[in-house]
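One structure below.
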Amino acid sequence: MNNEKEIRQEEELESSKKKMLAKDETLYQEMQETNVNISKNDAADDLHEHYPPSDDELKNVTTEDKVIKDIRSKCKFKQEYVDNNIILSVNHLKQYFFFGSGPGRYKLKAVHDVSFQVKEGECFGLVGESGCGKTTTGRSIIRLYNITSGSIYYKGHRIGAGSRWNEKEIKYTKIRFNEEKKKLAEALKNNEISKEEHDKKLKEAKEYCDNVCKVQKAKIKQIKHDNNHVDPKLMREIQMIFQDPVDSLDPRMTVETIISEGLQIQGFRNKADNHRRVVEALERVGLIEDYANRYPHEFSGGQRQRIGIARALVMNPKFLICDEPISALDVSIRAQIINLLNDLKDEYKLSMLFIAHDLSVVKYFCDRIAVMYFGEIVELATSDELFKHPLHPYTKSLLSAIPKPNPLTEKNRIRITYNPQKEHDYSVEKPKFVEILPGHFILANSVEVEKYKKEIVELDKKADSEQ
Ligand SMILES: Nc1ncnc2c1ncn2[C@@H]1O[C@H](COP(=O)(O)OP(=O)(O)O)[C@@H](O)[C@H]1O
Ligand SMILES: [Mg+2]
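Under the working numbering, the first residue of the sequence shown is numbered 30, with each subsequent residue one higher.
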């Protein structure tokens, strides 16, 4: 009886393992397809980190193991980002969360494939519904998570990278090599190829497999090295204002301790000096010195958010991530906080990543906007362009959610709901991130691109006739 149970359990385990492997394989293929697609369009693509080794790389390995030698004591640096004034570059960011263990283990793809770049002094908006992975993106940038795959560059320095893709590449190259080996042995057995031919082909396959593994292992090593050697001074320049002003402040700490905590961690130990900085920051966000000794619960929501901003300011940031800074606040004080952020942006010459869940907030505040849906960016354009030519059905749905100030038009406003299954048919062709107008990117396949192009013409015509 017991034996039977054990056998059944083993069988179940075996079949679930097989299923997982099959699922992994399709995922891997999908990843490869989407990545290759994106690489054709994304100018700043990071071929060397996320794709199978190029022929050149493989050649290098076979001649002198150059790639392996290339792991320097230095972190990866990209001069082209500095030359093009790109302060932050997020390339194919993936952030998965894993739950459980064994065959029952599953993953949640919080961020699936996100790439964008923020220029020096720019305010970049990231918009999407709750749960689409905006906060996770922000938290990955400030290194609160070890990212699963992809890379993040700040001022040309790689500050974060994930190695999952490289590990998969090694795994599947080995699987493919074993398959090839079996096939060759079979062919030899059936006298389809000669022994010499068999040996030659096997040697070639083995060499290829070894080289791919070598290159990928070297990359993993470099990724691990970079992740462990990020310059804390560089990271200090990136600060984040959190979504919830209540939860993000420790109720047992005074305002002064909260604001100066970052300074302490960074090694600023002079108490008088720290106090001066705290007071300066408090005053800058419209609070007074007396508040330094109070506790967070004594303040209103708007004031707490100001404390959150002061905590970021005290570190003298260059890049500010604002994670829905006003969505937890009363409508009456939202404008105050937005104005404060706007002033600080000019005063500190900040570059910003502004996260929001509706388009009305970012319309006037951001230079460029990326619309995110389920862990992916579906449309990216300048603010004006996005409002002039909203193309993706999800963008349209977000736009239809903005209340209109005119009661007559507000009465007739129709809310568009977005249902991806109804809107897209990707069974034949998968979507790519295409530049449909200069600087305006959209996730679409070629049939949709044609449709969107017609829509642009019509939108232009309509705008002309209204003028
Ligand atoms: N630390 C975590 N562990 C597990 N799941 C998480 C974690 N953080 C976020 N998630 C999940 O990732 C998804 C995206 O979350 P989040 O980035 O917070 O969305 P948003 O900020 O766009 O509302 C959600 O489904 C959320 O439940
Ligand atoms: Mg969030």
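We treat Cβ as the ideally placed atom computed from N, Cα and C, and that holds for glycine.
Can you tell me which of the options puts its alpha carbon nearest to the alpha carbon of residue i?
i, options, result
"F126", "K250, T166, Q108, A247", "T166"
"F403", "E158, H121, V119, N368", "E158"
"E196", "C152, E439, E236, V241", "V241"
"D273", "I398, S475, F470, R335", "R335"
"K490", "K461, F470, H418", "H418"
"R397", "L427, E439, F470", "F470"
"V156", "I485, I366, F394, Q450", "F394"
"K103", "I406, D279, V259", "V259"
"F153", "I431, K374, L428", "K374"
"G468", "T411, N435, F462", "T411"
"K211", "K230, E225, E198, N368", "K230"
"H227", "K440, K218, Q108, L213", "L213"
Got a sec, what are the start and stop residues for the beta strand (DSSP E) residue i sits in?
i, result
"V147", "135 to 148"
"S180", "178 to 183"
"H304", "Counting along the chain, H304 falls outside any beta strand (DSSP E), though it belongs to the alpha helix (DSSP H) covering 300 to 313."
"R397", "397 to 402"
Give every residue of the same chain whose Cβ lies closer than 8 angstroms to the Cβ of residue i, excluding the five residues on either side of it in the sequence, and list them in chain order.
i, result
"L263", "Y183, K184, H186, I188"
"S277", "F271, G337"
"K253", "S192"
"T177", "K123, Q124, Y125, G191, R193"
"R37", "none"
"A285", "Per the sequence presented here, residue 285 reads as Glu, with Ala not at that position. Counting only Cβ-Cβ distances below 8 angstroms, and skipping sequence neighbours, we find H304, V307, A321, N322."
Residue range of the alpha helix (DSSP H) that residue i falls in?
i, result
"S118", "Unbroken run through S118 is the beta strand (DSSP E), 115 to 128; no alpha helix (DSSP H)."
"F206", "193 to 218"
"H254", "224 to 257"
"E405", "Unbroken run through E405 is the beta strand (DSSP E), 405 to 411; no alpha helix (DSSP H)."
"S380", "S380 -> not in any alpha helix (DSSP H); beta strand (DSSP E) instead, spanning 380 to 385."
"F394", "388 to 394"
Skipping 5 residues on each side, what residues in its chain have a beta carbon closer than 6 angstroms to that of residue i?
i, result
"T63", "Residue placement at T63 is flagged as unreliable, the pLDDT there being 42, under the threshold of 50; the coordinate-derived value follows with that caveat. Cβ within range, chain order: n/a, list empty."
"K347", "E266"
Once you ignore the five residues that flank residue i on each side, which residues in its own chain have a CB closer than 7 angstroms to its CB?
i, result
"E353", "Q272, I384, A385, H386"
"K200", "none"
"D493", "none"
"D255", "C104, K105, R187, A190"
"S426", "I445, T446, Y447"
"P434", "none"
- Report yes or no: do the segment 314 to 333 and the segment 349 to 360 share at least 3 C-beta pairs separated by less than 8 angstroms? yes
- Under 7 angstroms, CB to nearest heavy atom of ligand 2: contacting residues: S159, K163, T164, Q272, D352, E353, I384
- Message: Taking contact to mean 3 or more Cβ pairs, one atom from each stretch, closer than 8 angstroms, check whether the segment 125 to 144 and the segment 308 to 322 are in contact.
- Response: no
- Query: With contact counted as at least three CB pairs below 8 angstroms, one residue from each stretch, are the segment 133 to 140 and the segment 376 to 394 in contact?
  - Reply: no
- Query: Are three or more beta carbon pairs between the segment 101 to 117 and the segment 135 to 151 nearer than 8 angstroms?
  - Reply: yes
- Message: Three or more C-beta pairs under 8 angstroms: does that hold for the segment 226 to 239 against the segment 201 to 213?
- Response: yes
- Message: Whether or not the segment 460 to 479 and the segment 414 to 433 are in contact is what I'm after, with contact meaning three or more pairs of Cβ atoms, one per stretch, closer than 8 angstroms; do they touch?
- Response: yes
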